[in-house]
Amino acid sequence: MELSDSRRMYDADNTAIHVYGIPSTFLMENAAGHVARAALEVMGENQSAVIFCGPGNNGGDGVAAAIYLQRRNVRVRALLVGDRARMSDDCSEMERRFRKMGGTLEDFCADDPTLPAALKSAGVVIDAIFGIGLQRDLRGDGLAAVKMINEAGTPVVAADIPSGVEADTGRILGEAVRCVRTVTFSRAKTGHYSAPGCLCCGRVDVVDIGIPEELLSNAGCGISVITGEEAILPKRPAVSHKGDYGKLLIIGGSVGYTGAPSLCARAAVRAGAGLVFLGVPRDIYEITAVKNDEAMPFPLPCDEDGRLSAEALPALCSRLQDCSHVVIGPGIGRSDGIRSLVCGLVEKATVPILLDADALWALSDDLSILRRAKKPCILTPHEGEFLRLGGTLTGDRVGDARRFASENACILVLKGHRSVCAFPDGEAVIITSGNPGMAKGGSGDVLAGIIGALLGQLPLREAVTLGTWIHGAAGDLCAAEFGEYGMTPSDIIGNIPLISKNMVR
3 MELSDSRRMY DADNTAIHVY GIPSTFLMEN AAGHVARAAL EVMGENQSAV IFCGPGNNGG
63 DGVAAAIYLQ RRNVRVRALL VGDRARMSDD CSEMERRFRK MGGTLEDFCA DDPTLPAALK
123 SAGVVIDAIF GIGLQRDLRG DGLAAVKMIN EAGTPVVAAD IPSGVEADTG RILGEAVRCV
183 RTVTFSRAKT GHYSAPGCLC CGRVDVVDIG IPEELLSNAG CGISVITGEE AILPKRPAVS
243 HKGDYGKLLI IGGSVGYTGA PSLCARAAVR AGAGLVFLGV PRDIYEITAV KNDEAMPFPL
303 PCDEDGRLSA EALPALCSRL QDCSHVVIGP GIGRSDGIRS LVCGLVEKAT VPILLDADAL
363 WALSDDLSIL RRAKKPCILT PHEGEFLRLG GTLTGDRVGD ARRFASENAC ILVLKGHRSV
423 CAFPDGEAVI ITSGNPGMAK GGSGDVLAGI IGALLGQLPL REAVTLGTWI HGAAGDLCAA
483 EFGEYGMTPS DIIGNIPLIS KNMVR
């Protein structure tokens, strides 16, 4: 699903009104109807609502929702948060209609002693204070209203986006309303799906308010999101053989870290790789051979501490001639020899190469090597590794990932809640699957194996995004079955087939 941003949505809305001649109040009434219907579902039998409205058009949506609910005999209390003198024309028009029905748009007062009780006893709160144009930290009455809403604990439905969430980034602007449901208009925005703002949105409903589709088709901002409906794997041809599904070379492991490369290899096999070769230090070769039946381990030169040495480079370059893609890093450790080996492989490889774990450490002193690579490298850091690589975390995870991928001519999978896959051309995909139970050692090795396997079966961009989504979705199955505390990376591997089976169309 393609996302939009505040500027493009404003342009589409403005063109619909001033070029296509669609009345702005018509669009507002449509938006309000969707918000009000969501509120009716949330409130259940408690037919009462408190509606917080700003002076702009988002507030107009709130007032129009009050009209809709009052017509259906819902007890409504509507409050204006902001300067009445600065009300937009459409918001003023909706207030006029509300007054005509006998309603009152009260001025919000943070010291009103009746408000806390009214909020706690309401069936629902509607947040229509700020819309998608907010770009500064909350202050004054706006901040007080948001805090009051959150303290009440009553279910909240947001109009367009929770107040305090920056639509274009997902940043929290000081404080944000915590909602159970968000009704957004025409196109979802980055803030609905990117952390931390997405944590405030609850369920997100994208609704049509009457803006022509031809205007919305040009409203994309280069960011999209993968949901379960969009995660599709192609059906395999009846006539095929293992060579059709990639020959993956995995390089990793060290004394004390024998599990990581095996988890990666097992995940790759489960994700459909045709052949999986696993290069490990000779000191752990026998252990690795026992752990792997489907993958094919082989020993490599190592140092006295049981880590791969730079002397392994010629043997690996020879192997590369018969492989379609490479994963390097799971359990590989840190040493000068590892740094030389990783950098040498990045410069010499003529196939896609994914770098994870301490292979990322090996690159951190000189990222210019990424631009010298013959194929775009895929980097899969968590936030700590991302910072070590020179990335920045400004609160705009998608923007930070896009900037890094573009500047370093690489593909970046920034792991974490709502992982981000960013590409050198500036495009980015937000992954909606995954859960905190995956925050365990070995989970990243599984991800590397899944993506590595799909690199031999799908176009590069699809392999990265679908691999990341499958990893999270398999983790979600584990959380449902075992709970987030008890699930393991091996459980994730076991659930890969259940996810991929249902993705084939």
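Note that the sequence shown covers residues 3 to 507 in our numbering. Note that CB positions come from ideal geometry on N, CA and C, so glycine has one too.
Extent of the continuous alpha helix (DSSP H) run through residue i
i	result
residue 103	Run containing residue 103: none; DSSP gives neither H nor E here.
residue 464	462-484
residue 44	26-45
residue 150	142-154
residue 388	385-390
residue 73	59-73
residue 281	That residue, residue 281, is in no alpha helix (DSSP H); its beta strand (DSSP E) goes 277-283.
residue 20	8-20
residue 342	338-350
residue 502	491-505
Under 8 Å between C-beta atoms of residue i and residue j
i	j	result
residue 168	residue 193	yes
residue 448	residue 415	no
residue 343	residue 362	no
residue 44	residue 157	yes
residue 133	residue 162	yes
residue 128	residue 159	yes
residue 28	residue 212	yes
residue 285	residue 304	yes
residue 38	residue 71	yes
residue 475	residue 218	no
residue 189	residue 209	no
residue 125	residue 32	no
residue 351	residue 329	no
residue 477	residue 428	no
residue 65	residue 107	yes
residue 30	residue 69	no
residue 378	residue 426	yes
residue 6	residue 223	yes
residue 497	residue 479	yes
residue 356	residue 453	yes
residue 234	residue 507	yes
residue 18	residue 214	yes
Residues near residue i by beta carbon distance below 7 Å, same chain, minus five either side
i	result
residue 335	256, 259, 309, 360
residue 263	252, 254, 255, 280, 282, 290, 332, 333
residue 140	148, 166, 175, 176, 177
residue 206	184, 186, 190, 194
residue 366	390, 391
Close Cβ partners of residue i (< 6 Å) along its chain, the five nearest in sequence each way excluded
i	result
residue 278	250, 267, 270, 271, 297
residue 58	90
residue 424	403, 404, 407, 414, 430
residue 135	8
residue 40	159, 183, 185
residue 410	369, 372
Limits of the unbroken beta strand (DSSP E) element including residue i
i	result
residue 79	77-82
residue 302	298-302
residue 187	183-187
residue 322	Not the beta strand (DSSP E): residue 322 falls in the alpha helix (DSSP H), residues 315-322.
residue 160	158-161
residue 205	205-209
residue 356	355-357
residue 223	222-228
residue 55	50-55
Given residue i as reference, the closest of the options once Cα atoms are compared
i	options	result
residue 451	276, 434, 405, 486	276
residue 112	377, 83, 440, 135	83
residue 486	31, 445, 22	445
residue 433	208, 36, 400	400
residue 471	9, 19, 244, 435	435
residue 245	378, 233, 326, 422	326
residue 146	88, 171, 56	56
residue 104	86, 319, 75	75
residue 364	463, 338, 235	338
residue 144	171, 228, 172, 110	110
residue 261	10, 499, 410, 491	491
residue 216	22, 374, 441	22
residue 98	85, 62, 34	62
residue 341	484, 312, 220	312
residue 171	10, 489, 398, 481	398
residue 412	173, 375, 293	375
residue 46	16, 393, 26, 77	77
Supposed close pair residue i, residue j - CB separation, criterion 8 Å
i	j	result
residue 371	residue 353	That belief does not hold up - the Cβ atoms of residue 371 and residue 353 are roughly 16 Å apart, past 8 Å.
residue 226	residue 3	6 Å
residue 419	residue 221	About 26 Å separates the two Cβ atoms, so there is no contact after all.
Cut-off 8 Å between Cβ atoms - residues of its own chain near residue i, not counting five sequence neighbours on either side
i	result
residue 274	247, 455, 456, 459, 502
residue 395	385, 388, 389, 402
residue 118	150, 153, 154
Cβ-heavy atom distance, residue i to the ligand GTP, below 7 Å
i	result
residue 77	The ligand GTP is not part of this structure, which contains no ligands at all.
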